[in-house]
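K.L.:
Top to bottom, those sequences are chains Z and B. Positions 492 to 700 (my numbering) are the ones given, in order, by the first sequence. Positions 98 to 473 (my numbering) are the ones given, in order, by the second sequence. Heads up, the beta-carbon is just placed ideally off N, CA and C, and yes, glycines get one too.
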Amino acid sequence: MASKSLKNLTGPLSGNNPVIVQILGICSALAVTVQLKPAIVMGLSVMVVTAFANLVMSLLRNGVPSRIRIIVQLVVIASLVILVDQVLKAFVYDVSKQLSVYVGLIITNCIVMGRVEAFALQNKPWDSFLDGIGNGLGYGSILVIIAFFRELLGSGTLLGFRIIPESWYIAEGGFYSNCGLMLFPPMALIIVGCIIWAHRSFNKDLQEK
Amino acid sequence: MKALRTLVDKIKPTFTRGGKLGFLASTFGAFETFLFVPNHTTKSGAHIRDCNDMKRTMIVVVLALVPAMLFGCYNTGLQVNLEGWTAFFYGLVRFLPMLATSYIVGLAIEFIAAQLRGHEVNEGFLVSGFIIPLVMPVSTPLWMVALGTAFAVIFGKEVFGGTGMNVFNPAVLARAFVFFAYTPQMSGEKVWYSDWTMMGAQVDGVTGATALEQLATKGEMQWSALDAFLGFIPGSFGETSTLAILIGAAILLFTGIASWKTMVSVFAGGAAMAYFFSALGCFDFPAYYHLIVGGFAFGAVFMATDPVTSAQTSTGKYIVGFLTGAIAILIRQVNPAYPEGMMLSILFMNALAPLVDYFVVEANIRRRANRVKTVK
Numbered sequence: 492m493a494s495k496s497l498k499n500l501t502g503p504l505s506g507n508n509p510v511i512v513q514i515l516g517i518c519s520a521l522a523v524t525v526q527l528k529p530a531i532v533m534g535l536s537v538m539v540v541t542a543f544a545n546l547v548m549s550l551l552r553n554g555v556p557s558r559i560r561i562i563v564q565l566v567v568i569a570s571l572v573i574l575v576d577q578v579l580k581a582f583v584y585d586v587s588k589q590l591s592v593y594v595g596l597i598i599t600n601c602i603v604m605g606r607v608e609a610f611a612l613q614n615k616p617w618d619s620f621l622d623g624i625g626n627g628l629g630y631g632s633i634l635v636i637i638a639f640f641r642e643l644l645g646s647g648t649l650l651g652f653r654i655i656p657e658s659w660y661i662a663e664g665g666f667y668s669n670c671g672l673m674l675f676p677p678m679a680l681i682i683v684g685c686i687i688w689a690h691r692s693f694n695k696d697l698q699e700k
Numbered sequence: 098m099k100a101l102r103t104l105v106d107k108i109k110p111t112f113t114r115g116g117k118l119g120f121l122a123s124t125f126g127a128f129e130t131f132l133f134v135p136n137h138t139t140k141s142g143a144h145i146r147d148c149n150d151m152k153r154t155m156i157v158v159v160l161a162l163v164p165a166m167l168f169g170c171y172n173t174g175l176q177v178n179l180e181g182w183t184a185f186f187y188g189l190v191r192f193l194p195m196l197a198t199s200y201i202v203g204l205a206i207e208f209i210a211a212q213l214r215g216h217e218v219n220e221g222f223l224v225s226g227f228i229i230p231l232v233m234p235v236s237t238p239l240w241m242v243a244l245g246t247a248f249a250v251i252f253g254k255e256v257f258g259g260t261g262m263n264v265f266n267p268a269v270l271a272r273a274f275v276f277f278a279y280t281p282q283m284s285g286e287k288v289w290y291s292d293w294t295m296m297g298a299q300v301d302g303v304t305g306a307t308a309l310e311q312l313a314t315k316g317e318m319q320w321s322a323l324d325a326f327l328g329f330i331p332g333s334f335g336e337t338s339t340l341a342i343l344i345g346a347a348i349l350l351f352t353g354i355a356s357w358k359t360m361v362s363v364f365a366g367g368a369a370m371a372y373f374f375s376a377l378g379c380f381d382f383p384a385y386y387h388l389i390v391g392g393f394a395f396g397a398v399f400m401a402t403d404p405v406t407s408a409q410t411s412t413g414k415y416i417v418g419f420l421t422g423a424i425a426i427l428i429r430q431v432n433p434a435y436p437e438g439m440m441l442s443i444l445f446m447n448a449l450a451p452l453v454d455y456f457v458v459e460a461n462i463r464r465r466a467n468r469v470k471t472v473k
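1) Using 10 angstroms around the beta-carbon of GLU310(B), count the other beta-carbons present and answer buried if the total reaches 16, otherwise exposed.
2) Exposed or buried, ARG465(B), counting other C-beta atoms within 10 Å across all chains shown (16 or more means buried)?
3) Kindly say whether LEU680(Z), judged by its beta-carbon, lies nearer than 8 angstroms to any beta-carbon of chain B.
4) Which of the three DSSP states is assigned to ASP301(B) in this structure?
5) Below 8 angstroms, how does it come out for the segment 334 to 347 of chain B and the segment 164 to 174 of chain B: are there three or more Cβ pairs, yes or no?
6) Please tell me whether, using a cut-off of 7 angstroms, the distance from the CB of PHE334(B) to the nearest non-hydrogen atom of the ligand SAM is below it.
7) Just the C-alpha distance for GLY302(B) and ASN600(Z), rounded to the nearest angstrom, thanks.
8) With H, G and I counted as helix, E and B as strand and the rest as coil, what does DSSP make of TYR667(Z)?
9) If we ignore side chains and look at the alpha-carbon of each, how far apart do PHE543(Z) and PHE620(Z) end up?
10) Given this structure, state the Cα-to-Cα distance separating GLU317(B) from PHE393(B), to the nearest angstrom.
11) When you compare the CB of PRO436(B) with every CB in chain Z, is at least one pair closer than 8 angstroms?
12) Below 7 angstroms CB to CB, which residues in the same chain sit around THR648(Z) once its five sequence neighbours on both sides are set aside?
13) At least one CB of chain B closer than 8 angstroms to the CB of CYS670(Z): is that the case?
14) Suppose you measure from the CA of VAL390(B) to the CA of ALA273(B); what does that come to, to the nearest Å?
15) Report the neighbours of THR280(B) on chain Z: residues whose CB is nearer than 7 angstroms to its CB, in chain order.
16) Is PHE675(Z) helix, strand or coil when you go by DSSP?
17) Counting only beta-carbon separations shorter than 8 angstroms, does PHE639(Z) have a partner in chain B?
18) Taking Cβ positions only, does PHE666(Z) come closer than 8 angstroms to chain B?
19) Within a Cβ cutoff of 6 angstroms, which residues of the same chain sit near THR304(B), ignoring the five residues on either side of it in sequence?
20) If we ignore side chains and look at the alpha-carbon of each, how far apart do GLN430(B) and PHE248(B) end up?
21) By the 7 angstroms beta-carbon criterion, what residues does the segment 266 to 278 of chain B contribute toward chain Z?
22) For ILE108(B), count neighbouring C-beta atoms within 10 Å of its own C-beta (all shown protein chains included) and say buried if the count is 16 or more, exposed if not.
23) Measuring alpha carbon to alpha carbon, tell me which residue in PRO509(Z), SER557(Z) and LEU697(Z) is nearest GLY534(Z).
24) Could you name the residues that DSSP lists as bridge partners for ARG653(Z)?
25) Helix, strand or coil, according to DSSP, for TYR386(B) in the structure here?
26) Examine the Cβ distances between the segment 399 to 407 of chain B and the segment 353 to 360 of chain B and report whether three or more of them are shorter than 8 angstroms.
27) Measuring only between beta-carbons, confirm whether PHE252(B) sits less than 8 angstroms from chain Z.
28) For chain Z, check one thing: does any of its Cβ atoms lie closer than 8 angstroms to the Cβ of PRO238(B)?
29) Using the Cβ count rule (16 or more neighbours within 10 Å means buried), how would you classify GLY413(B)?
30) From PRO267(B), LEU420(B) and LEU160(B), pick the residue whose C-alpha is nearest to that of ALA450(B); which is it?
31) Compare the Cα-Cα distances from VAL539(Z) to each of LEU680(Z), ILE568(Z) and PHE640(Z) and report the closest residue.
32) Just grab the DSSP bridge partners of TYR660(Z) for me.
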């Protein structure tokens with residue numbers, strides 16, 4: 492793999508991360524991160540959709556007249572999302588129910604459309620595919636970090652397994668209590684803020700003057 | 098005193114920038130100005146000199162809080178069936194650990210933040226740190242106080258640039274964080290559940306709901322209006338006694354530190370809204386009950402008047418104050434989930450205060466522009 496192609500894959504993981512640098516897809520990052528499992532599934536779904544939308548649009552890029560490109564993109568993305576939705580319903584029904592409307596809303600996820608517009612229409616299929624995978628992974632990794640803290644501190648579990656022992660809780664005679672605020676979307680936004688804060692302090696070139 | 102001055106002067110070069118421990122300059126500065134009046138003067142521009150600096154302003158606010166605090170301690174003991182000095186000491190023993198927690202956590206974060214940025218340590222937290230335990234329910238675990246304080250100082254204050262730059266009042270923010278994060282411990286019947294049986298306190302006799310909750314659920318409370326005004330009702334440390342709070346208000350107004358415009362208009366807004374709902378027949382108890390139970394008076398006197406987060410213009414102060422009071426009663430009345438509306442309404446109006454100021458300034462510009470036209 493040429494190093495330039497590889498950069499399309501690794502760039503979105505940190506330096507050009509869709510959530511914390513491009514500030515795209517914040518809405519779903521707040522909505523599906525109460526627990527770790529839906530967050531992982533959501534990250535994977537978005538990765539698949541972005542990758543294949545990029546691939547298809549990159550293949551079609553010379554054949555689609557630019558004035559109708561948005562509607563073509565929508566058709567491609569919508570078909571992919573329906574595919575993903577059906578797969579989820581078939582194999583992980585409970586998670587699919589938890590994600591509910593948010594799988595369908597991948598269509599409106601800014602990352603998908605954003606990458607197709609900004610990248611796939613100007614680049615070769617292979618590069619576009621890698622870019623889609625990279626952005627999907629970048630999005631998914633942030634979702635997993637947020638969901639990790641929200642599930643651990645908000646419910647005391649990770650992937651449904653109990654991490655904080657029952658006996659610690661006030662109801663059981665202990666001292667501990669889950670942070671209910673973690674279950675609300677505002678706290679997810681604050682966690683996103685903290686991730687951006689930590690990320691920028693390590694990547695000085697991203698800091699605005 | 099002289100020995101101390103000599104000592105400070107002797108070690109000062111070590112801590113100034115360039116000295117051996119120069120990186121601790123802001124910490125050293127904080128302690129030096131804590132001990133002595135700073136001797137440096139402003140170098141440029143015209144300034145109005147006043148004997149009040151930030152430290153003195155903050156200390157006056159803390160003094161104004163003391164009556165509410167002392168009474169709160171006494172009342173805490175009374176509520177677990179103690180009497181006299183025993184009651185007071187019982188309350189004090191419960192209050193001091195919370196105060197210490199809030200000061201240690203908050204000041205530690207402030208010192209670290211100032212140190213990292215090379216700023217001077219500001220005194221704003223002296224007040225916030227004193228208010229935080231006063232607005233917490235008596236049985237709040239210390240680690241919740243610590244978390245709430247840390248959240249308020251980091252996300253309410255330091256990320257915006259420290260004292261004087263915050264959008265929200267840190268003390269209200271700490272209360273809001275603890276309230277939403279640990280709702281089961283902060284509301285409902287458990288608020289007054291206290292399991293400390295030292296000094297012969299009789300916990301069994303303690304009733305669950307606060308006066309405000311009784312009003313919200315049953316439409317009446319088991320205490321008389323006089324008791325509620327004097328503060329012999331269960332509630333957070335500082336909020337119960339409207340009388341003690343009014344003494345604090347008198348101190349703040351006499352020294353000119355808090356704005357009477359905000360304070361009066363909060364009470365006016367609250368009263369207007371309470372009488373409005375009373376006239377609609379939403380509740381049977383006298384409307385003024387709303388002003389003497391719960392955190393209304395405390396919020397009006399000590400939190401809504403925060404010079405940083407309240408409106409800056411005179412007209413703005415009236416508007417923001419009135420809306421703060423009115424929204425507090427509105428939330429109490431129409432939102433069954435939150436019996437206490439003061440906290441949310443202060444936060445809400447903190448967010449809107451800059452907007453109100455903007456329109457006030459714009460209106461003033463328009464008015465003056467029109468005046469110029471008529472002259473022509």
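P.N.:
Taking the geometry as given:
1) With 16 or more other Cβ atoms within 10 Å, it is buried.
2) When all chains shown are included, ARG465(B) counts as exposed.
3) Not closer than 8 angstroms to any Cβ of chain B, the Cβ of LEU680(Z) fails to qualify, so no.
4) The predicted position of ASP301(B) is uncertain, since its pLDDT is 47 and thus under 50; no value can be drawn from it.
5) Contact holds: three or more Cβ-Cβ distances are below 8 angstroms.
6) Here there are no bound small molecules, and the ligand SAM is not part of this structure.
7) Low confidence applies to GLY302(B): its pLDDT is 43, below 50, so where it sits in the model is not reliable, and the reading given next is rough at best. Near 57 angstroms, if we compare the C-alpha coordinates of ASN600(Z) and GLY302(B).
8) Strand at TYR667(Z).
9) Looking at the two C-alpha atoms, the distance is approximately 7 angstroms.
10) Straight through space, the alpha carbons of PHE393(B) and GLU317(B) are spaced by roughly 18 angstroms.
11) No, because no Cβ of chain Z sits closer than 8 angstroms to the Cβ of PRO436(B).
12) Take THR648(Z), set aside five residues on each side of it, and the residues of its chain with a beta-carbon closer than 7 angstroms to its own are GLU642 and ILE654, in chain order.
13) Contacts with chain B at 8 angstroms (Cβ-Cβ) include CYS670(Z).
14) Distance from the CA atom of VAL390(B) to the CA atom of ALA273(B), rounded to whole angstroms, is 19 angstroms.
15) Neighbours of THR280(B) on chain Z, chain order: GLY671.
16) The answer is coil: DSSP assigns PHE675(Z) none of H, G, I, E or B.
17) Not an interface residue.
18) It does; some Cβ of chain B falls within 8 angstroms.
19) Unreliable positioning characterises THR304(B) in this predicted model, as indicated by a pLDDT of 47, which lies under 50. A coordinate reading is not provided.
20) Distance between GLN430(B) and PHE248(B), taken at the CA atoms: about 29 angstroms.
21) Flagged, chain order: PHE274, PHE277 and ALA278.
22) So ILE108(B) ends up on the exposed side.
23) Out of PRO509(Z), SER557(Z) and LEU697(Z), PRO509(Z) has the C-alpha closest to the C-alpha of GLY534(Z).
24) Residue pairing by DSSP places ARG653(Z) opposite THR648(Z) in a beta bridge.
25) TYR386(B): helix per DSSP, three-state reduction.
26) At 8 angstroms Cβ cutoff, the stretches touch.
27) The beta carbon of PHE252(B) falls within 8 angstroms of a beta carbon belonging to chain Z, placing the residue at that interface.
28) For PRO238(B), the nearest CB of chain Z lies under 8 angstroms from its own CB, placing it at the interface with that chain.
29) Buried: at least 16 other Cβ atoms inside 10 Å.
30) Cα-wise, what sits closest to ALA450(B) is LEU420(B).
31) The candidate whose alpha carbon is nearest that of VAL539(Z) is ILE568(Z).
32) The beta-bridge partner set that DSSP reports for TYR660(Z) consists of TYR667(Z).
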